[in-house]
Each structure stands twice: as C-alpha cells, then as structure tokens.
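Working notes, beginning with the structure itself.
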C-alpha cells in the first residue's frame, strides 16, 4: 500500500493542555498540503485532539512529559499520524477502547476519545506497555482531488 | 482568541438558561466553561437549559463531556437540555455516544 512517505514531520510538545490546540493545528496544517476537504481536515483535527489529550490526561496524568507526534503522507493521499507518550501505559487496551469507558474520576470525561478517533479515521492502532507508554497510530486516506 | 468563551443569558419568563459557547471546546478550555455554567445552573435552577453551539468552531469529546455533564446537572432540577446550532461534526459526536437520545439536538 505505502512505500516511502512523500513528506513527514515530527513534533514534540510538553504535556500541557494549552498545547492541545497547537498540536491539532500543526497536524492539520501539515495534512492541508494534500488539499483535503474541510470535513476531512476537521475529522483529522478532532482525532488528533483526542489522541493528544489522552496522552496528557491519561499518559502523564497531568505530570510533565513529552508527547511525540509524527505525521507522514503518501502518494495515494494516505495520512499516517502517530501520537506517542512515555507515560503510565494502558493495562487493558480492549477495555480502554470501549465507548463510554473512562478511568477519569471527575465524571466529566465522556469516555469517547477512542470511539471518536475510530469513527473519524480509517484505521486506528494502539500499542501500550504499562509503565513504558502508549503509541496511537491513526491512518486516514483523503479522497482524490481532480 | 481561539479558545472557548461562554456567554450566559437567562430569560426569567420562560425560566430558560442559555449557554452561548463560541470558539474551540477542548480539554484545555472546558474546565472554565464548566465552572461558569454550573454556577449559573445552581443559582438560576432553570426549567430549560439551552446550549448554543452555533459559534463553536471545534469540539472533541471534551465538548461531549461538557454537554453530558450539564445535562447531568439540569436533569435533577427537572430541566430539559437542548443543544442548539449543532454543526454536522458536533451532531456526529453526540450521535456516537447516544447523547442525542436524551438531549435534544437542533441544527
């Protein structure tokens, strides 16, 4: 399916909530190089926002750390985005990905982060090791442009 | 700037509390929105809660949590919750969680 990416970028941000907006803008600005539709870009921005927020809230639990974001796109207009943290990791990935499941004690998180990521991208892969960190990889293929 | 802002209006006649949100609702901005909204909800104890999102330029599941949380505060007061001005993206997120089965969602 994919060979070498046409273009790629790497971003490292501090795990501060104020960086969530910056991260989604940076990724969507990069993906905009493919001239996607507004809806496609909005979907991607939303998915990235969820992944970055998860890294900050759950991965690092509000402590300081680095969120590593890489974005690549390919000839066939596929965009691949990786959001990684070196935080606490996920004990049970299947459980974590269940809609409405949340480990947030405040009762204010919807537990829909993964569901949104899954719905707004074509493919979602989650790798995690408790105590080591989590990597979320999202793939989205933009429709062809004339 | 880009981050979410909230304007609160109360109509004493209809006992409707309207939360007008503009900008981007994400994890970073939602706490502030929640504080102000809950303060008004506690004081006004309205019959109807309207969350106007027509000026919201971005929302992820933090916004969903905000809407569900406010519904959670309005419901025990006997108030109905309506989301007004939902864009297709916001509509989709609400539908994903099933929130649109107990919160009225209007375009």
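Chains as they are written, first to last, in this note's numbering: chain A, 1 to 146; chain B, 1001 to 1107.
From the three backbone atoms N, C-alpha and C, an ideal C-beta is built for every residue, glycine too.
Being a predicted model, the structure only gives us computed values, none of them experimental.
- Message: On the DSSP letters alone, give me the boundaries of the alpha helix (DSSP H) that residue 20(A) sits inside.
- Response: Taking the first chain and counting its residues from 1, one reaches residue 20(A) at position 20. Judged by DSSP secondary structure, residue 20(A) falls within the alpha helix (DSSP H) whose first and last residues are 19 to 31.
- Task: Can you check DSSP and say which residues form a bridge with residue 128(A)?
- Result: Taking the first chain and counting its residues from 1, one reaches residue 128(A) at position 128. Looking at the DSSP assignment, residue 128(A) forms a beta bridge with 134(A).
- Item | the stretch 68 to 75 of chain A contacting the stretch 106 to 124 of chain A, beta-carbon criterion three pairs below 8 Å | Contact between the stretch 68 to 75 of chain A and the stretch 106 to 124 of chain A is absent, because fewer than three Cβ pairs lie under 8 Å.
- Closer than 7 Å at the beta carbon, the chain A residues around residue 1061(B): The sequence position of residue 1061(B) within the second chain is 61, counting from 1. Listed along chain A, the residues sitting closer than 7 Å to residue 1061(B) by beta-carbon distance are 50, 110, 112, 113, 116.
- Could you tell me which chain B residues have their CB closer than 9 Å to the CB of residue 100(A), listed as they occur along the chain? As a position in the first chain, residue 100(A) is number 100, starting the count at 1. Residues of chain B with a Cβ closer than 9 Å to the Cβ of residue 100(A) are, in chain order, 1097, 1098.
- Looking only at C-alpha atoms, which of 17(A), 134(A), 34(A), 16(A) sits nearest to residue 85(A)? The residue given as residue 85(A) occupies position 85 in the first chain. The shortest Cα separation from residue 85(A) among 17(A), 134(A), 34(A), 16(A) belongs to 134(A).
- Helix, strand or coil at residue 109(A) according to DSSP, with G and I counted as helix: Position 109 of the first chain, counting from 1, holds the residue named residue 109(A). The DSSP-derived three-state label of residue 109(A) is coil.
- Under a three-way DSSP split, which group does residue 117(A) fall into? Taking the first chain and counting its residues from 1, one reaches residue 117(A) at position 117. Correct three-state label for residue 117(A): helix.
- Item | Collapsed DSSP secondary structure at residue 1087(B) in the structure displayed | Taking the second chain and counting its residues from 1, one reaches residue 1087(B) at position 87. Reduced to three states, the DSSP call for residue 1087(B) is coil.
- Message: Which residues in chain B have a C-beta closer than 9 Å to the C-beta of residue 53(A)? List them in chain order.
- Response: Locating residue 53(A) in the first chain gives position 53, counting from the first residue. Within 9 Å Cβ-Cβ: 1026, 1027, 1028, 1060, 1061, 1062.
- Message: Please classify residue 1058(B) as buried or exposed, where buried requires at least 16 other C-beta atoms within 10 Å of its C-beta.
- Response: One-based indexing of the second chain puts residue 1058(B) at position 58. Here residue 1058(B) is buried: its Cβ has 16 or more other Cβ atoms, across all protein chains shown, within 10 Å.
- Within this structure, are the beta carbons of residue 1046(B) and residue 1015(B) separated by less than 9 Å? Position 46 of the second chain holds residue 1046(B). Position 15 of the second chain holds residue 1015(B). For residue 1046(B) and residue 1015(B), yes; Cβs fall inside 9 Å.
- Could you name the residues of the same chain whose beta carbon sits closer than 6 Å to that of residue 26(A), not counting the 5 residues immediately before and after it, in chain order? Residue 26(A) sits at position 26 when you count from the first residue of the first chain. Hits under 6 Å: 11.
- Task: Find out if the Cβ-Cβ distance for the pair residue 15(A), residue 87(A) is shorter than 9 Å.
- Result: The residue given as residue 15(A) occupies position 15 in the first chain. The residue given as residue 87(A) occupies position 87 in the first chain. It is a contact, given that the beta carbons lie within the stated cut-off.
- Taking all protein chains shown into account, do 16 or more other C-beta atoms lie within 10 angstroms of the C-beta of residue 18(A), making it buried, or fewer, making it exposed? As a position in the first chain, residue 18(A) is number 18, starting the count at 1. Counting of Cβ neighbours within 10 angstroms places residue 18(A) among the exposed residues, the total staying below 16.
- Are the beta-carbon atoms of residue 55(A) and residue 136(A) separated by less than 9 Å? Numbered from 1 along the first chain, position 55 holds the residue referred to as residue 55(A). Numbered from 1 along the first chain, position 136 holds the residue referred to as residue 136(A). Result yes, Cβ atoms of residue 55(A) and residue 136(A) sit closer than 9 Å.
- According to the Cβ coordinates, are residue 37(A) and residue 143(A) closer than 9 Å? For the purposes of this step, residue 37(A) is taken as residue 37 along the first chain, with counting starting at 1. For the purposes of this step, residue 143(A) is taken as residue 143 along the first chain, with counting starting at 1. Taking the C-beta atoms as reference points, residue 143(A) is found nearer than 9 Å to residue 37(A).
- Task: Pick helix, strand or coil for residue 7(A), following the three-state DSSP scheme.
- Result: Within the first chain, the letter at position 7 stands for residue 7(A). It is a strand residue.
- Enclosing beta strand (DSSP E) for residue 69(A) [first to last residue]: The sequence position of residue 69(A) within the first chain is 69, counting from 1. Counting along the chain, the beta strand (DSSP E) containing residue 69(A) begins and ends at 66 to 73.
- Contact with chain A by residue 1076(B), beta-carbon distance below 9 Å: For the purposes of this step, residue 1076(B) is identified with residue 76 of the second chain, where counting begins at 1. No, residue 1076(B) does not count as interfacial toward chain A.
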